[in-house]
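Shown next, in structure tokens, is the structure this report addresses.
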Amino acid sequence: MPKLDFRYLKDFISEEEFSAKAAKAEEAHRTLLTKSGAGNDFTGFVELPEEYDREEFSRIISAAEKIRNQSDVLIVIGIGGSYLGARAVIELATSSLRNRLCKNGPEIYFAGCNLSPDYMAEIAEICEDKDFSVNVISKSGTTTEPAIAFRFFRELLEKKYGKEGAKERIFCTTDKARGTLKAVADKEGWETFVVPDDIGGRFSVLTPVGLLPIAAAGIDINELMVGAAEAKKEYENPVFAENEAMQYAAARNILLEKGKALELLVSYEPSFTQMAEWWKQLFGESEGKDGKGIFPCSAIFSMDLHSLGQFVQDGTRNLFETVVRFEKAQKKLAVAFDEENSDGLNFLSGMDMQEINEKARLGTLVAHTEGGVPNIVITCEERNPKEIGKLIYFFEIACAVSGYMLGVNPFNQPGVESYKKNMFALLGKPGYEDMKAAIEAKLD
Ligand code: PA5
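Each residue of the sequence shown is one higher than the one before, counting from 31 in the numbering used here.
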């Protein structure tokens, strides 16, 4: 299991303050597990690692194999919760450079997660002269960004392979019955996978939403689910002192009460970049409402120590860090010896880079805590699917408990609608006529 180290909070949170939160954390945990709190119809992620559809899981593995056999490129279309988890796991389990290394399965690109014409045209350029398939992921089927991207790539597919050929290359992950995408998929005969009704987008990485692209990347999704199932057993424990997901939730809430309103999720692994993006949505969208919440941000060290390091060490004291570390690197790499020693670093020659990375982490930990930044350290064994499954489940439970402790509904996202309404009005969507003039006046 991810192992939490709260030692570096001791100058910021006393033992009494910590144990005083136990009852509230246990109550929030009970509320989640008994499905008795706000948004309880979106808590299906709790049982998911044990109670998923095995028949659909087999279909995912077959579809992934088909994609791998017939495609040089897979385009995954989706946004928010229908995008971040798959990308996070693929990069964390393999590499942020996976598409360049490409030893296992198709190159994978993500579209429908922005509205940039340049970005979309560039992906189309990558697909020229290559065989490609599309996995479109949208619960509603009407989200603007993925819907526009799907129109574009569907047309490209049908031009290249004809309607019948394209049918073999379009895979839809959407609502089981409702929604436009499901209706079109059934009409066209595309294979479909289900976004469960009781799991919200940001909690859906272990459903077909994440699993199909992850499997297409050659990652063992069975191991991912085994890890998550082990984590489920661990974090079912109702006792605060024995449940680190509850303890993480409690520590965050105490730090917020002490004015630490920003949480910087840090890793020393570049392949963690997208996992941090997933985590930001998970916590940001779950907690940031009703004028409350911790603003989630992220950094990759040591890279960002050369950009954000000054602020973290010495700037406004309103942040804390959560550092996710991996004990084992996937590869061993020793520092070279240099006859001339012009950089003065021969004292490192022969040393494994993982050891140097670890010393950078420890040095930073001491510097930042001395600079007034509380640190929570989460240690994972390595970047393999099983450990990643555990980490995902840990964060999901901790997030839900933390949200309940904060007094919000962790499973809704009412604020996301505001920009959409304004955008639709400005684009002239029928029904939004009255809003258009008012918004244009504000922009003058
Ligand atoms: O977490 C969420 O609910 C959102 O991020 C959605 O996943 C996102 O807006 C995409 O929605 P849809 O899957 O309906 O296209």
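Glycine included, every Cβ here is placed at the ideal spot set by N, Cα and C.
Only a predicted model underlies this, so the values are computations on that prediction, with no experimental measurement involved.
Requested in this report: Indicate whether at least one CB of chain B lies closer than 8 angstroms to the CB of E121.
Outcome: This model lacks chain B altogether, as it is built from one protein chain only.
### Message
Just checking K96 against ligand 1 - is the residue's beta carbon closer than 7 angstroms to any of the ligand's heavy atoms?
### Response
no
Is the beta carbon of I167 closer than 8 angstroms to that of S126? no
_Helix, strand or coil, according to DSSP, for A366 in the structure here?_
coil
>> Here's the rule I'm using: 16 or more other beta-carbon atoms within 10 Å means buried, otherwise exposed. How should L295 be labelled?
In response: buried
Answer yes or no: do I284 and L78 have a C-beta to C-beta separation smaller than 8 angstroms? no
Q. Using DSSP with H/G/I as helix, E/B as strand and the rest coil, what is K451?
A. helix
| message | Given 7 angstroms as the limit, tell me if K212 has its C-beta closer than that to any heavy atom belonging to ligand 1. | response | no
Practice task
Check whether the Cβ atoms of G240 and P415 sit closer than 8 angstroms, and answer yes or no.
Solution key: no
Take the Cβ of Y449 as the centre, count every other Cβ of all protein chains shown within 10 Å, and call the residue buried at 16 or more, exposed below.
exposed
Option nearest S234 by Cα separation, candidates L114, R37, R184 and A246: L114
| message | DSSP has P326 in a bridge; who is on the other side? | response | E293
- Message: Which runs of the beta strand (DSSP E) at least 3 residues long sit entirely within the region 247-278? Give them in chain order.
- Response: none
Verify the contact flag: I109, CB atom, against every heavy atom of ligand 1, threshold strictly below 7 angstroms. yes
*Under the criterion of a Cβ to heavy atom distance below 7 angstroms, does K169 qualify as lining ligand 1?*
yes
Mind the definition here: the region 381-391 touches the region 57-77 only if three or more C-beta pairs lie below 8 angstroms; say whether that holds.
no
TODO: To the nearest angstrom, report how far apart A366 and L312 are at their CA atoms.
DONE: 41 angstroms
| With a CB to CB cut of under 8 angstroms and the five nearest residues on each side skipped, what residues in its chain are close to N405? | Y38, L39, F350, E351, T352, V353, L395, H398 and T399
Compute every distance between the C-beta of R232 and the non-hydrogen atoms of ligand 1, then say whether any falls below 7 angstroms. yes
Checklist entry - Is Q443 near ligand 1, going by C-beta to nearest heavy atom under 7 angstroms? => result yes
inquiry  = Quick check: does the Cβ of S448 come within less than 7 angstroms of any heavy atom belonging to ligand 1?
reply    = no
Buried or exposed by the 16-neighbour rule on C-beta atoms within 10 Å, applied to R232: buried
Counting along the chain, where does the alpha helix (DSSP H) carrying N387 start and finish? M383 to E400
By DSSP, does I178 sit in helix, in strand, or in coil? helix
Flag this pair as yes or no: are the beta carbons of F356 and E293 separated by less than 8 angstroms? no
(request) Could you tell me if the beta carbon of E315 falls within a distance shorter than 7 angstroms of some heavy atom in ligand 1? (result) yes
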